[in-house]
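Protein chains in written order, with UniProt numbering: chain A, 1 to 437; chain B, 1 to 260. Even for Gly, the Cβ is constructed at its ideal location relative to N, Cα and C. For clarity, every value in this text was computed on a predicted model and none was experimentally measured.
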């Protein structure tokens, strides 16, 4: 592929900070004097903190890439490197195209100035020329929906108005590559929809978008690619749903192991999240899960279903050795990695005699009863010699806005009291029916 | 240095809007607004006039005008250096979020104060006319002196701003040194009050502001051409200093975003 097809190419990019800059200690007379009195300065390496340990990432033109990772894993450092605010300690960084970074909304806003004046300053700071800002002024004002407030000083704005104005300016910069840090959730429902639509516009125009966010749903919905930064490296790049699923699992695993959530850059070895077992141990188990699929009642593969539908988990496995003690687990996880349900063949005393090879494990759920949201299913085959697992993600779409964790089979009835004559049974079309699975 | 200046030119839009913003913001919300550009130096001057004509008698004709001629460029210099020292370290909001050449920040401080200086010039001229001192043809050299002062001030501000990022004591040291510097510069008194020839030439050699101030006084107050020799020497020194400043600046600029 010719190089110009890629918007951003990072090769072995390393970024270290001197420790005092991270801890926010400045050199002062006193500290300098103390250091001098204590004898020469400590060796430089000892006071270095490496935030990024070797990032290799290629972002193709026209793609929307979501960057995920826990706090302190180096996401923002990466963005600042791409933007050019930081320079890499070592490694190569190649950018093809005009870049615009929305790392902060309202950079350079002055509280005493009117919205209009601030649009001009902010726009120029973001890299537009004066003429460009003037030309887009009306468009920006219209987008911000501030109406006549646009000529009031910004200090009188509510925080929502402030963010709307800032976002309006930011999105009217016309870059080839747009870098966004955690700012899509701006304003009320209506405005965030508008903001997302604006993002989609950028996407349609073939612009490259790099997005850092903690909202995994956003990544799954809007991004073409996801990159997971962990411990200063790119842990995984790939299809958003797969990357986020593994990320969620690693998080829940870390929580289960009660791994200390210290800032990774300050931890020995970069503080990466624990490896998900399915990744670490697949070769060791006697029974290996090859593929996990979700099927609907008709046997067709599915990714989206409604709460009332049933599903079938189909896991293809192969047997590589003696497997008398194998135990199949099925786990249903919520988007945040919480286990909603887990069971296993042993717990339910399922007798597994004479394992076929290759074989198919079918886990049939007559009615899922989950609420709207993103879920994943993990099937694992555990044995004393090791374990193998596979997963698949799916989404439940519900027309009803319920709350909670699951939807028990239920129906509504209004019945006549003791003195009443007539009774009506309510079964509105939207309410679930009463078939117990 | 060429790169530094070229980037400044590239980002002139940003520079201009930052300067405009500062100029507008300075008096925004105050009742007298823009009038403060004139009122500030006038009040400043009145204090010294009170001190030197009532308390300590000076035998300088048209003393208020004499003082004003030196005071205005001094205010430009001292506010630029004092404010420029923290120009970078105070703007974390911009430097860590947006990419632009950092020299824009100290430059905008110097240019903002230059604008204030230029805007308050009419006041000085009016004061001179009130004393019967009309400007003579010597004012053609005024822009040259201003240019030399601009170069010198920029160089000094760049160095201070760059160092202050990691060494924050500097901004406090600078503001105190400026007071000392003010009295070591012939603003409130003519250089000729210093009787000793040796001390005078030492002052001239050590303090670049001396030749600038005497040049302003020569042009507006004494109506003669400024002494060319010290002025040319200062011009050369300023250019060298600016070159040194830009290399210091260049070598440290990568640290700016990380250190502030």
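Exercise for the section: Kindly provide the ranges of any alpha helix (DSSP H) runs that are 4 or more residues long and lie completely inside the stretch 78-145 of chain A, ordered along the chain. Expected result: 115-125 and 130-144
Problem - Rounded C-alpha distance that separates residue 213 of chain B from residue 249 of chain B - result: Counting from 1 along the second chain, the entry for residue 213 of chain B is found at position 213. Counting from 1 along the second chain, the entry for residue 249 of chain B is found at position 249. The straight-line gap from Cα to Cα measures roughly 28 Å.
Practice task
Check the Cβ of residue 124 of chain A against every Cβ in chain B and list those closer than 8 Å, keeping chain order.
Solution key: Counting from one through the first chain, the residue named residue 124 of chain A turns up at place 124. In chain order: 13, 14 and 17.
Exercise for the section: Tell me whether residue 45 of chain A is buried or exposed, calling it buried when 16 or more other Cβ atoms sit within 10 Å of its Cβ. Expected result: Translated into positions along the first chain, residue 45 of chain A becomes position 45. Low local confidence applies: a pLDDT of 45 at residue 45 of chain A is under 50, so the model's placement there is unreliable, with the coordinate-based value given in what follows. Counting Cβ neighbours within 10 Å, residue 45 of chain A comes out exposed, since fewer than 16 surround it.
Problem - residue 15 of chain A in three-state terms, based on DSSP - result: Here residue 15 of chain A refers to the residue found at position 15 of the first chain. Looking at residue 15 of chain A - three-state DSSP - the assignment turns out to be strand.
Practice task
With a cut-off of 8 Å on the beta carbons, I'd call residue 453 of chain A and residue 229 of chain A a contact; round off their distance for me.
Solution key: Residue 453 of chain A is absent from the model: chain A starts at 1 and stops at 437.
Exercise for the section: Note down, in chain order, each residue of its chain lying with its Cβ closer than 6 Å to the Cβ of residue 376 of chain A, except the 5 sequence neighbours on either side. Expected result: Walking along the first chain from the start, residue 376 of chain A turns up at place 376. Excluding residues within five positions, the ones whose Cβ falls inside 6 Å are 245, 333, 391 and 393.
Exercise for the section: Closer than 8 Å by beta-carbon distance: list the chain C residues that pair up with residue 29 of chain B, in chain order. Expected result: Considering every chain present, this structure includes no chain C. Its protein chains are A and B.
Handout entry: chain B contacts made by the stretch 120-152 of chain A, where a contact means CB separation under 7 Å
Key = 120, 121, 124, 125, 126, 129 and 130
Exercise for the section: Mind the definition here: the stretch 149-157 of chain A touches the stretch 39-50 of chain B only if three or more C-beta pairs lie below 8 Å; say whether that holds. Expected result: no
Practice task
Give the single residue among B/172, B/254, B/51 and B/14 whose Cα lies nearest to the Cα of residue 126 of chain A.
Solution key: By 1-based counting over the first chain, the position of residue 126 of chain A is 126. With distances taken between Cα atoms, residue 126 of chain A lies closest to B/14.
Problem - Where residue 137 of chain B sits in the DSSP three-state scheme - result: Position 137 of the second chain holds residue 137 of chain B. Looking at residue 137 of chain B - three-state DSSP - the assignment turns out to be helix.
Practice task
Could you tell me which residues DSSP puts in a beta bridge with residue 374 of chain A?
Solution key: Walking along the first chain from the start, residue 374 of chain A turns up at place 374. Answer is A/395, bridged to residue 374 of chain A.
Practice task
Please classify residue 412 of chain A: does DSSP put it in a helix, a strand, or coil?
Solution key: Reading the first chain from its first residue, position 412 is the one you call residue 412 of chain A. Reduced to three states, the DSSP call for residue 412 of chain A is coil.
Practice task
With distances taken Cα to Cα, identify the nearest neighbour of residue 259 of chain B among B/119, B/186 and B/96.
Solution key: Here residue 259 of chain B refers to the residue found at position 259 when the second chain is read from its first residue. The shortest Cα separation from residue 259 of chain B among B/119, B/186 and B/96 belongs to B/96.
Practice task
Take every Cβ of the stretch 55-66 of chain A, pair it with every Cβ of the stretch 197-213 of chain A, and state whether three or more of those distances are shorter than 8 Å.
Solution key: yes
Practice task
Report yes if the CB atom of residue 233 of chain A is closer than 8 Å to the CB atom of residue 8 of chain A, and no otherwise.
Solution key: The sequence position of residue 233 of chain A within the first chain is 233, counting from 1. The sequence position of residue 8 of chain A within the first chain is 8, counting from 1. No, these two residues do not count as a Cβ contact at 8 Å.
Handout entry: Whole-Å CB distance - residue 130 of chain A paired with residue 124 of chain A, under 8 Å assumed
Key = Sequence index remark: in the first chain, residue 130 of chain A carries index 130 (1-based). Sequence index remark: in the first chain, residue 124 of chain A carries index 124 (1-based). About 6 Å; that satisfies the 8 Å criterion.
Problem - 6 Å Cβ shell around residue 224 of chain B - same chain, five flanking residues per side excluded - result: Here residue 224 of chain B refers to the residue found at position 224 when the second chain is read from its first residue. So the qualifying residues of the chain are 218.
Exercise for the section: Since I believe residue 152 of chain B is in contact with residue 234 of chain B (beta carbons under 8 Å), could you give me their beta-carbon distance rounded to a whole number of angstroms? Expected result: Along the second chain, one-based indexing puts residue 234 of chain B at 234. Along the second chain, one-based indexing puts residue 152 of chain B at 152. With 8 Å as the limit, residue 234 of chain B and residue 152 of chain B qualify as a contact, their Cβ atoms being about 7 Å apart.
Practice task
Could you tell me whether any Cβ in chain A is nearer than 8 Å to the Cβ of residue 244 of chain B?
Solution key: For the purposes of this step, residue 244 of chain B is taken as the residue at position 244 of the second chain. Not closer than 8 Å to any Cβ of chain A, the Cβ of residue 244 of chain B fails to qualify, so no.
Practice task
Indicate whether the contact test is met: 3 or more Cβ pairs, each with one atom in the stretch 285-302 of chain A and one in the stretch 336-352 of chain A, closer than 8 Å.
Solution key: no
Handout entry: Short CB-CB distance (under 8 Å) between residue 174 of chain B and chain A
Key = The residue labelled residue 174 of chain B in the question sits at position 174 within the second chain. No, residue 174 of chain B lies away from the interface with chain A (no Cβ there is under 8 Å from its Cβ).
Handout entry: Proximal residues, the stretch 64-92 of chain A versus chain B, C-beta separation under 9 Å
Key = 80, 83, 84, 85, 86 and 87
Problem - chain A contact for residue 94 of chain B (CB, 8 Å cutoff) - result: Reading the second chain from its first residue, position 94 is the one you call residue 94 of chain B. Yes, residue 94 of chain B counts as interfacial toward chain A.
Exercise for the section: Assuming residue 216 of chain B contacts residue 33 of chain B (C-beta within less than 8 Å), just tell me the rounded distance between them. Expected result: To locate residue 216 of chain B, count along the second chain from 1; it is residue 216. To locate residue 33 of chain B, count along the second chain from 1; it is residue 33. The Cβ separation is near 28 Å, so there is no contact.
Handout entry: Secondary structure of residue 45 of chain B, DSSP reduced to three states
Key = By one-based count along the second chain, residue 45 of chain B stands at place 45. The answer is helix: DSSP assigns residue 45 of chain B an H, G or I state.
Problem - Where the stretch 366-388 of chain A meets chain B: residues whose CB sits under 9 Å from a CB there - result: none
Practice task
Label residue 80 of chain A either buried or exposed according to how many other C-beta atoms from any shown protein chain fall within 10 Å of its C-beta, with 16 as the threshold for buried.
Solution key: Your numbering for residue 80 of chain A matches position 80 in the first chain. Buried: at least 16 other Cβ atoms inside 10 Å.
Exercise for the section: My understanding is that residue 210 of chain B touches residue 193 of chain B, with C-beta atoms under 8 Å, so please give their C-beta distance in whole angstroms. Expected result: One-based indexing of the second chain puts residue 210 of chain B at position 210. One-based indexing of the second chain puts residue 193 of chain B at position 193. No, residue 210 of chain B and residue 193 of chain B are not in contact; Cβ-Cβ is about 13 Å, not under 8 Å.
Problem - Strand pairing of residue 173 of chain B, partner residues [DSSP] - result: As a first step, residue 173 of chain B must be located in the second chain, where it is residue number 173. BP columns for residue 173 of chain B are empty, so no partner.
Handout entry: Candidates A/373, A/304 and A/312: closest to residue 338 of chain A by CA position
Key = On the first chain, position 338 is the one that residue 338 of chain A refers to. Among A/373, A/304 and A/312, the Cα nearest to that of residue 338 of chain A is on A/373.
Exercise for the section: Can you give me the Cβ contacts of residue 196 of chain B inside the same chain, cut-off strictly under 8 Å, excluding the 5 residues immediately before and after it? Expected result: Residue mapping note: residue 196 of chain B aligns to position 196 of the second chain, counting from 1. Closer than 8 Å at the Cβ level, and outside the excluded window around residue 196 of chain B, lies no residue.
Handout entry: Euclidean distance between Cα positions of residue 341 of chain A and residue 253 of chain A
Key = The residue given as residue 341 of chain A occupies position 341 in the first chain. The residue given as residue 253 of chain A occupies position 253 in the first chain. Cα-Cα distance, rounded: 15 Å.
Problem - residue 77 of chain B versus B/5, B/145 and B/2, residue with shortest Cα-Cα distance - result: The residue given as residue 77 of chain B occupies position 77 in the second chain. Among B/5, B/145 and B/2, the Cα nearest to that of residue 77 of chain B belongs to B/145.
Problem - C-beta neighbour in chain A for residue 258 of chain B, strict 8 Å - result: Here residue 258 of chain B corresponds to residue number 258 of the second chain, with the count starting at 1. With 8 Å as the cut-off, residue 258 of chain B counts as an interface residue toward chain A.
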